[in-house]
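Residue numbering for the sequence shown follows this note's numbering, starting at 43 and increasing by one per position. From the three backbone atoms N, C-alpha and C, an ideal C-beta is built for every residue, glycine too. Keep in mind the model is a prediction, meaning the values are calculated, not measured.
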Amino acid sequence: MKRWVLVLTERGSDREGKRRRIAALLVVLGGLIGSWGVGSVLASDPIGYGVPIWPFADTADRAEHALLTQVVPAVRSGSPLNHAGVQVLRQTSAYGSAFWTLKMQVDGETRCREVAVGLNITSRRVDC
Numbered sequence: 043m044k045r046w047v048l049v050l051t052e053r054g055s056d057r058e059g060k061r062r063r064i065a066a067l068l069v070v071l072g073g074l075i076g077s078w079g080v081g082s083v084l085a086s087d088p089i090g091y092g093v094p095i096w097p098f099a100d101t102a103d104r105a106e107h108a109l110l111t112q113v114v115p116a117v118r119s120g121s122p123l124n125h126a127g128v129q130v131l132r133q134t135s136a137y138g139s140a141f142w143t144l145k146m147q148v149d150g151e152t153r154c155r156e157v158a159v160g161l162n163i164t165s166r167r168v169d170c
């Protein structure tokens, strides 16, 4: 008495597994490259982008952010700035916002930043 066994195999399943692994590898690689790109942009001016935290900001950046939080109320009210280590280079007002260019001594470095105070507070690093 002979018994026949029918074996069902899926054709090309090994090829499909390779494709899935390659696709997963490309997704992970793309995520790493994208994260590196975003991180390098944020690290260029962490205070201006609003992320004065560890992987992007160093100690001088965090000190500059702390100094700016003390200076912003004076800029917002338009009162004279009486803070050691901060010098006002230029003041202008336009479109309902106050623009101040500040020269700051932070952790032994000289940094200049243009601060715009209106409804929101924005700033950008500028050359001294």
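- [ ] Measure the alpha-carbon distance for G120 versus A158 and round it to whole angstroms.
- [x] If you number the sequence shown from 1, residue 120 lands on position 78. If you number the sequence shown from 1, residue 158 lands on position 116. Those two C-alpha atoms are separated by around 12 Å.
Open item on the list: Here's the rule: buried if 16 or more other CB atoms are within 10 angstroms of the residue's CB, otherwise exposed. What is D103?
Closed with: Taking the sequence shown and counting its residues from 1, the one referred to as residue 103 is at position 61. Result: buried.
- [ ] May I ask you to list the residues that DSSP assigns as paired with V117?
- [x] Mapped onto the sequence shown, residue 117 falls at position 75. According to DSSP, V117 bridges with nothing at all.
Task: G90 vs S165 beta-carbon contact at 7 Å - done: The residue labelled residue 90 in the question sits at position 48 within the sequence shown. The residue labelled residue 165 in the question sits at position 123 within the sequence shown. Closer than 7 Å, so yes.
Task: Between the CA atoms of V70 and S77 - distance to the nearest angstrom - done: Taking the first residue of the sequence shown as 1, we reach residue 77 at position 35. Taking the first residue of the sequence shown as 1, we reach residue 70 at position 28. Computed Cα separation, rounded: 11 Å.
TODO: Grab the span of the beta strand (DSSP E) containing C154 for me, first residue to last.
DONE: Within the sequence shown, the letter at position 112 stands for residue 154. Counting along the chain, the beta strand (DSSP E) containing C154 begins and ends at 151-159.
Open item on the list: Please classify W46 as buried or exposed, where buried requires at least 16 neighbouring CB atoms within 10 angstroms.
Closed with: Against the sequence shown, residue 46 aligns to sequence position 4. It is exposed - the Cβ of W46 has fewer than 16 other Cβ atoms within 10 Å.
Task: Exposed unless 16 or more other CB atoms sit within 10 angstroms - verdict on W142 - done: For the purposes of this step, residue 142 is taken as the residue at position 100 of the sequence shown. Buried: at least 16 other Cβ atoms inside 10 Å.
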